[in-house]
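In my numbering, each residue carries its 1-based index in the sequence shown increased by 347.
Don't be surprised by glycine CBs; every beta carbon is placed ideally from N, CA and C.
Below is one structure, written out as structure tokens, with a few remarks after it.
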Amino acid sequence: MGLVNEVIDAPDAETFLSRVLERARAFVPPGRASKAVGLIKRAVQTGSELPFQESLALERELQQQLFESEDAREGIAANLEKRPPVFTGR
348 MGLVNEVIDA
358 PDAETFLSRV
368 LERARAFVPP
378 GRASKAVGLI
388 KRAVQTGSEL
398 PFQESLALER
408 ELQQQLFESE
418 DAREGIAANL
428 EKRPPVFTGR
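Written out as structure tokens, the structure reads:
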């Protein structure tokens, strides 16, 4: 079972690909939390193939890795200091 978050309407395959890539770039560096994006991708791809309880365990494990990362500390500090974060992927 999948969820639809957005439907991209395009008159042809080339325009469709262009719009998909533009949307995807909003989630990746520079300036984005690449570690988080990578682990979210892993959770979705791997978790969809696991039984529900195992997928929840995987999600908790990956979330713990993120909480312990430099990027997490940077995100929290940037929020408290009211400035844009500078993520490094670590």
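DSSP state of residue i mapped onto helix, strand, coil
i: Thr435; result: coil
i: Phe374; result: coil
i: Glu369; result: helix
Distance, residue j Cα to residue i Cα
i: Gly422; j: Phe374; result: 15 Å
i: Glu405; j: Arg437; result: The question names Glu, but residue 405 in the sequence shown is Leu. The alpha-carbon atoms of Leu405 and Arg437 are separated by roughly 20 Å.
i: Asp356; j: Thr362; result: 9 Å
Pick from the options that is closest to residue i, judged by C-alpha positions
i: Gly337; options: Ala383, Lys382, Ala380 and Leu409; result: Outside the displayed range of the chain (348 to 437) lies residue 337, so it cannot be described from this structure.
N- and C-terminal bounds of the alpha helix (DSSP H) containing residue i
i: Asn352; result: Careful: Asn352 lies outside any alpha helix (DSSP H) and carries neither H nor E.
i: Ala380; result: Element bounds for Ala380: n/a, residue is neither H nor E.
i: Leu403; result: Phe399 to Phe414
i: Glu452; result: Coverage of the chain is limited to positions 348 through 437, which leaves residue 452 absent and any answer about it impossible.
CB contact flag (residue i, residue j, <7 Å)
i: Ala383; j: Leu413; result: yes
i: Phe434; j: Asp418; result: yes
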